[in-house]
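Trainee: Here it is, the structure, as structure tokens.
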Amino acid sequence: MSETTFSVYQGLGEPVAIGAEVYNQILQHYYTEALLLDNMKLQEWGSMLAEDLVYTVPMRHTLDLASQSKTVIRTVMHMDDNYRSIMGRIMRLCGRSAWAENPPSRIRRFVSNVQVFNTDKSDEFSVINYAMVSRNRFDDDFFDLIPCERHDKLRKVDNGFKLFEREVIIDQALLGTPNLQIFL
Amino acid sequence: MTQKTGRRLADGTAISDLVDLEMREVKLRTLSDREIYDIEQEKIFGKIWLLLGHESEIPNKGDFMQRHMGEDSVIVSRDRKGEVHVMLNVCPHRGMKITTHESGNTNVHTCIYHGWAFKSDGDFLGSPVADQCMHGKMRGKEELGLTKARVTLYGGLVWATWNINGPSLEEFLGDTKWYYDMLYCRSKKGLEVAGPPQRFIIRANWKTAGEQSAADGYHTLTLHRWLGEMGNYSSDEGTQGSELAKEMLGAEVSSPHGHALRCIDLARKIVKLTGKDPSELSVEEKLRALPPPGMTSEMVDDLFETMTPEQLEVMAWMPPQVGGMFPNIIFEFLYLPQPDGTVVGSLALHTYVPKGPDKLEFTNWIFVERDTPPELKEQMIQQSVQLLGTSGMVESDDSDTWPHMTLSAKGAQGRNSTLKYQAIYETGKPEGWPGPGIVNEGFTKDDTQWHWWKYWYELMTAED
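Sequence lines, in order, name chains R and W. At position 150 of the first sequence the residue is numbered 150 (the UniProt record's numbering), and the sequence of numbers has no breaks. At position 380 of the second sequence the residue is numbered 380 (the UniProt record's numbering), and the sequence of numbers has no breaks.
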């Protein structure tokens, strides 16, 4: 039995081998994305997004073992965005008065566990990856930690990839950071 | 009559010394002090009506959800007869939580520690090993149920209090109920939640959010000024923020119980939509042209059955759009201008649940009308999530401000500085205003928030 038949891979296409050319290109894309975001280059990050983008952060619920499939809540979510609204957020955050991120948090995005899958379309890839996001504000002597599992879809374009779908599965039912004026 | 002073804090300060009734100032230490917080838990959160959610969250018999009254976890449950109960989520046996789940459905709540079992109305059912009678013989079964709060449903909203023989919710809401009816009782089928509430932690005292909810319109101009710079209220004429400043005009309603509503004039929106002066239009024409947020022109039919002519007049003129209910609730019934000139509603309700003197849990429910067409529902939910709550481009700026106020309240000098509520209305009700309550017309002022603190003062200095 191939490992890709495990239930966690259901609905995903053929895996792209770790170290394959496309895999390495996508890994580089994630490193670039994290570096841009961590350095507040939001408009440049915006250029890596496709215009049909759907970007969501569902809520999580604490339920018993038998109900685990219901723990991701997508009726009301923490973030429910598209290309237009993300661009609006970027414009706001780059403006003069987005006080929730002005002064900005110091953020570090550690991306790991990157797994790439082919899809029906030769230029589109599904990616599951983990991100450990740490956020520090003002004189806080602690970090807000936002570990998450990201379910992405990337489209190959001339000079790289564009993100056209991201669902961020967070690990807190009661979110421990005061807002999501940051991108995960 | 001698003035009530309330308890004294360890340093000798009387609770009454924290509020200067004449100068309309409040000592900043109220925003961080542990002792004050503990007294609030008893005299406010232990005494008055608290909002826990909406009955549409638990539509079926046996449905339950976990919520908090102050720091106490409670189970909100619909029993086998369909009635809603609120009970302390603490096993009377050894104190284990009865449920650790966010929500679920069951007719029997069984404690996982020793197995004591309770019905969906909180009554004690039994303990395992029946022949040994492990719950003992000293207390009868009727004494071993979960501690029950008193419950009232209003407009589908679930309210509870530990004050079993205290005032009714209707008495608590008082004159302001006339206005809340326009929000929660306006449609025949009623509102429903779009989903479970967003929940997140802000490291701030609950009152930083609570007092702002009592209709602080003023902060919008500065803290949320991006709305005028580039958001929904940016002006075409290039005079940044001017559209936002106009939103500060209207009437503000407050009450001796600290509830507050900002009623904002719809005239400019109606002119934009119809090209006519509102005075040329009937109440019905105005309501059809600009229906209450979340409703369509057709849904306005309902209003003529549910509302009085006086309420309809206010709904077409200066409807309540944002405000609070004491102590920790804010409501939003927003008419949000869209780039294409139309208006889409956002309906939200938050509670700021205290989690210690320096921490609150922001709980955000998003509402739609049951009758709202699916496409509009979707638009409303997405807009609400983008502007309010966790990732809300408006409210996130608040969530970063309240923690700083809480920190300010800790300094030896800062704690003795004061919050000031000295911008006072000198106007009174708008001419022809048909509604009850303390009502003032004009640019937003501090009165509503001051009334909020006066009720805080009244409760905190009340005899035990």
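Where is the CB? At the ideal position from N, CA and C, for every residue including glycine.
My output table needs one value for W:Gly95: the three-state DSSP class, helix, strand or coil.
Mentor: To locate residue 95 of chain W, count along the second sequence from 1; it is residue 95. Coil at W:Gly95, not helix or strand.
Trainee: Let me see if you follow: with CB-CB separation under 8 angstroms, is residue 470 of chain W close to chain R or not?
Mentor: Here chain W comprises residues numbered 1 to 464, so residue 470 of chain W is not present and cannot be evaluated.
Trainee: Kindly indicate which residue of W:Thr461, W:Asp358, W:Lys420, W:Glu463 has the alpha-carbon position closest to the one of W:Ile202.
Mentor: Start at 1 with the first residue of the second sequence, and residue 202 of chain W comes out as number 202. Answer by Cα proximity: W:Asp358.
Trainee: At what residues does the alpha helix (DSSP H) containing R:Asn24 begin and finish?
Mentor: As a working mapping, residue 24 of chain R is identified with position 24 in the first sequence. First-last of the alpha helix (DSSP H) with R:Asn24: 21-38.
Trainee: Straight-line CA distance for W:Gly238 to R:Cys94?
Mentor: As a first step, residue 238 of chain W is located in the second sequence; it is residue number 238 there, counting from the start. As a first step, residue 94 of chain R is located in the first sequence; it is residue number 94 there, counting from the start. With a pLDDT of 49 at W:Gly238, under the threshold of 50, the modelled position of this residue cannot be trusted; read the value that follows with caution. Cα to Cα, W:Gly238 sits roughly 19 angstroms from R:Cys94.
Trainee: Is any beta-carbon of chain W found at less than 8 angstroms from that of R:Met133?
Mentor: Here residue 133 of chain R corresponds to residue number 133 of the first sequence, with the count starting at 1. First, the amino acid is wrong: residue 133 of chain R is Val here, not Met. No, its Cβ sits nowhere closer than 8 angstroms to a Cβ of chain W.
Trainee: Under the rule that 16 or more other beta-carbon atoms within 10 Å means buried, what is W:Gly411, buried or exposed?
Mentor: As a first step, residue 411 of chain W is located in the second sequence; it is residue number 411 there, counting from the start. When all chains shown are included, W:Gly411 counts as exposed.
Trainee: Please confirm if R:Asp81 has its CB atom under 8 angstroms from at least one CB of chain W.
Mentor: Working through the first sequence from its first residue, we reach residue 81 of chain R at position 81. For R:Asp81, the answer is yes, since a Cβ of chain W falls inside 8 angstroms of its Cβ.
Trainee: Going along chain W in order, which residues have a C-beta closer than 8 angstroms to the C-beta of R:Pro147?
Mentor: Here the question's residue 147 of chain R lines up with position 147 in the first sequence. None at all; the shortest Cβ gap to chain W is about 16 angstroms.
Trainee: Going by C-alpha to C-alpha distance, which of W:Pro128, W:Leu125, W:Leu51, W:Asn89 sits closest to W:Thr147?
Mentor: For the purposes of this step, residue 147 of chain W is taken as the residue at position 147 of the second sequence. Closest by alpha carbon: W:Asn89.
Trainee: If the cut is a Cβ gap below 9 angstroms, which residues of chain R does W:His101 touch?
Mentor: The residue you call residue 101 of chain W lines up with position 101 of the second sequence. The contacting residues are His61, Thr62, Leu63, Asp64, Ser67.
Trainee: Quick one: is R:Met87 near chain W, going by C-beta distance under 8 angstroms?
Mentor: As a first step, residue 87 of chain R must be located in the first sequence, where it is residue number 87. Chain W contact via Cβ: absent.
Trainee: For chain W, find out if any of its Cβ atoms is closer than 8 angstroms to the Cβ of R:Arg166; answer yes or no.
Mentor: Counted from its first residue, the first sequence places residue 166 of chain R at position 166. Not closer than 8 angstroms to any Cβ of chain W, the Cβ of R:Arg166 fails to qualify, so no.
Trainee: For a contact meaning CB atoms closer than 9 angstroms, what does W:Glu229 contact in chain R?
Mentor: Here the question's residue 229 of chain W lines up with position 229 in the second sequence. Going along chain R in sequence order, the residues near W:Glu229 (Cβ under 9 angstroms) are Arg92, Gly95, Arg96, Ser97.
Trainee: Does the beta carbon of W:Thr147 sit closer than 8 angstroms to a beta carbon anywhere in chain R?
Mentor: Start at 1 with the first residue of the second sequence, and residue 147 of chain W comes out as number 147. Output row for W:Thr147: interface = no.
Trainee: Can you pull the chain R residues whose beta carbon is under 9 angstroms from the beta carbon of W:Asp79, in chain order?
Mentor: Counting from 1 along the second sequence, the entry for residue 79 of chain W is found at position 79. Residues of chain R passing the Cβ test: none, with the nearest at roughly 21 angstroms.
Trainee: Please report whether the beta-carbon of W:Ile366 lies at a distance below 8 angstroms from any beta-carbon of chain R.
Mentor: One-based indexing of the second sequence puts residue 366 of chain W at position 366. Cβ-Cβ to chain R under 8 angstroms: yes for W:Ile366.
Trainee: Closer than 8 angstroms, CB to CB, is R:Pro178 near chain A or not?
Mentor: Of the protein chains in this structure, namely R and W, none is chain A.
Trainee: Could you tell me which whole beta strand (DSSP E) segments of length 3 or greater appear in the UniProt domain "Rieske" (49-160) of chain W?
Mentor: Runs of the beta strand (DSSP E) inside the UniProt domain "Rieske" (49-160) of chain W: 50-54, 63-69, 72-78, 84-88, 103-105, 108-110, 117-119, 124-126, 150-154.
Trainee: Count the other CB atoms within 10 Å of the CB of R:Lys153; is the residue buried (16 or more) or exposed (fewer)?
Mentor: Locating residue 153 of chain R in the first sequence gives position 153, counting from the first residue. Flag for R:Lys153 reads buried.
Trainee: Whose Cβ in chain W lies nearer than 9 angstroms to the Cβ of R:His78?
Mentor: As a first step, residue 78 of chain R is located in the first sequence; it is residue number 78 there, counting from the start. Within 9 angstroms Cβ-Cβ: Gln198, Phe200, Val385, Gly389, Thr390, Ser391.
Trainee: Hey, is R:Ile73's beta-carbon within less than 8 angstroms of any beta-carbon in chain W?
Mentor: Residue 73 of chain R sits at position 73 when you count from the first residue of the first sequence. True, the Cβ-Cβ gap to chain W drops below 8 angstroms.
Trainee: What does the alpha-carbon distance come out to for the pair W:Asp277 and W:Ile270?
Mentor: Mapped onto the second sequence, residue 277 of chain W falls at position 277. Mapped onto the second sequence, residue 270 of chain W falls at position 270. Taking the straight line from one Cα to the other gives about 8 angstroms.
Trainee: By the three-class DSSP mapping on this structure, what secondary structure does W:Ile424 have?
Mentor: Translated into positions along the second sequence, residue 424 of chain W becomes position 424. The answer is coil: DSSP assigns W:Ile424 none of H, G, I, E or B.
Trainee: Taking only three categories from DSSP, how would you classify W:Phe304?
Mentor: Position 304 of the second sequence, counting from 1, holds the residue named residue 304 of chain W. Reduced to three states, the DSSP call for W:Phe304 is helix.
Trainee: Given a limit of 8 angstroms on CB to CB distance, which residues of the stretch 44-60 of chain R reach chain W?
Mentor: So the list reads Val57, Met59, given in the order they occur along the chain.
Trainee: Would you call the CB atoms of W:Gly145 and W:Asp123 closer than 8 angstroms?
Mentor: Here residue 145 of chain W refers to the residue found at position 145 when the second sequence is read from its first residue. Here residue 123 of chain W refers to the residue found at position 123 when the second sequence is read from its first residue. The answer is yes: Cβ separation under 8 angstroms.
Trainee: Looking only at its own chain, which residues have a Cβ that is under 8 angstroms from the Cβ of R:Asp120, when we skip the five neighbours before and after it?
Mentor: Here residue 120 of chain R refers to the residue found at position 120 when the first sequence is read from its first residue. Correct list, in chain order: Gly13.
Trainee: Which class does W:Pro357 belong to by DSSP, given the choice of helix, strand or coil?
Mentor: For the purposes of this step, residue 357 of chain W is taken as residue 357 along the second sequence, with counting starting at 1. Three-state DSSP puts W:Pro357 in coil, outside helix and strand.
Trainee: Please decide whether W:Ala194 counts as near chain R, where near means a Cβ-Cβ distance under 8 angstroms.
Mentor: By 1-based counting over the second sequence, the position of residue 194 of chain W is 194. It does: the Cβ of W:Ala194 has a partner Cβ on chain R nearer than 8 angstroms.
Trainee: Could you give the first and the last residue of the continuous alpha helix (DSSP H) run that contains R:Ser60?
Mentor: On the first sequence, position 60 is the one that residue 60 of chain R refers to. Looking at the sequence itself, residue 60 of chain R is Arg, so the reference to Ser does not match. Element bounds for R:Arg60: not the alpha helix (DSSP H) but the beta strand (DSSP E), 49-60.
Trainee: I need the DSSP call for W:Gly323, collapsed to helix, strand or coil.
Mentor: Position 323 of the second sequence, counted from the first residue, corresponds to residue 323 of chain W. Three-state result, W:Gly323: strand.
Trainee: Are the stretch 19-36 of chain W and the stretch 317-325 of chain W in contact at 8 angstroms, needing three or more beta carbon pairs?
Mentor: Output reads no: the stretch 317-325 of chain W does not touch the stretch 19-36 of chain W.
Trainee: If you compare alpha carbons, which of W:Glu378, W:Met138, W:Tyr154 is closest to W:Gly190?
Mentor: For the purposes of this step, residue 190 of chain W is taken as the residue at position 190 of the second sequence. Ranking W:Glu378, W:Met138, W:Tyr154 by Cα distance to W:Gly190 puts W:Tyr154 first.
Trainee: Which whole-angstrom value describes the C-beta separation of R:Leu63 and W:His101, a residue pair presumed to lie in contact below a C-beta threshold of 8 angstroms?
Mentor: Walking along the first sequence from the start, residue 63 of chain R turns up at place 63. Walking along the second sequence from the start, residue 101 of chain W turns up at place 101. Right, the Cβ-Cβ distance comes to about 5 angstroms (below 8 angstroms), so this counts as a contact.
Trainee: Which residues in chain R have a C-beta closer than 9 angstroms to the C-beta of W:Gly104? List them in chain order.
Mentor: Along the second sequence, one-based indexing puts residue 104 of chain W at 104. In chain order: Leu63, Asp64, Ser67.
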